[in-house]
Amino acid sequence: MSTVDFTPEKNNGPQRLTRGQRRLERLFKMAGKYALTSKKGYSHYRDALDFMQDDAGMMEALFRTLDCSWTDGLAEIQRACNYYIMYGGCSREEKERVGWAMGKWMVMAAKIGSFGRLISEKLYYYEQIGSELEEIMRIRAKNAMV
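Take the sequence shown: its letters are residues 390 to 535, numbered as in our numbering.
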């Protein structure tokens, strides 16, 4: 059975970053510095870690969006387009454009679906980076107040 030490010194005093967190902090700062130099208009970030946290959040949101099912509702959309082509009273050119757009959409959905495993792995990766950055920033903010 393990015990937990609830002494005030250990829970309320300054908290140190672990060795792994210090390494990650250096890595994130380095990556953030290189990314920031390529983006001259992004000077509103406090530091490289702040930029990396925002960047990881945006990438997580992108991969979360890509991780959804791209084929849900596709059959209904295809039926609606086919109905429009058959009964819409439109010209041949319009029918061709609708058919071409529908085919393009289906190919895109199939291509995105074929990267499902990679998308899921990248989503997990950016969730972990975001979590690590959040922990580092929390510890830094807590130590700044002490």
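We put the CB at the ideal spot given by N, CA and C, even for glycine. Remember, it's a predicted structure, so these values are computed and weren't measured experimentally.
- Per DSSP, glutamine 404 lies in no alpha helix (DSSP H) segment and is marked neither H nor E.
- The segment 411-421 and the segment 434-448 touch, with no fewer than 3 CB-CB distances between them shorter than 8 Å.
- Between glycine 505 and aspartate 461, the C-beta spacing is not below 9 Å.
- Each residue's CA atom was taken as its position, placing serine 458 and glutamate 516 some 19 Å apart.
- Where threonine 454 is concerned, the enclosing alpha helix (DSSP H) starts and stops at 437-455.
- Residue environment analysis places glutamate 414 among the buried positions, since at least 16 neighbouring C-beta atoms fall within 10 angstroms of its C-beta.
- The closest CA to that of glutamate 510, considering only Arg412, Gln404, Met448 and Thr407, is found on Met448.
- For the options Lys531, Leu522, Ile501 and Met534, the alpha carbon positioned closest to that of aspartate 436 is the one of Leu522.
- Inter-residue distance for arginine 453 and leucine 512 is about 6 Å (C-alpha atoms, whole angstroms).
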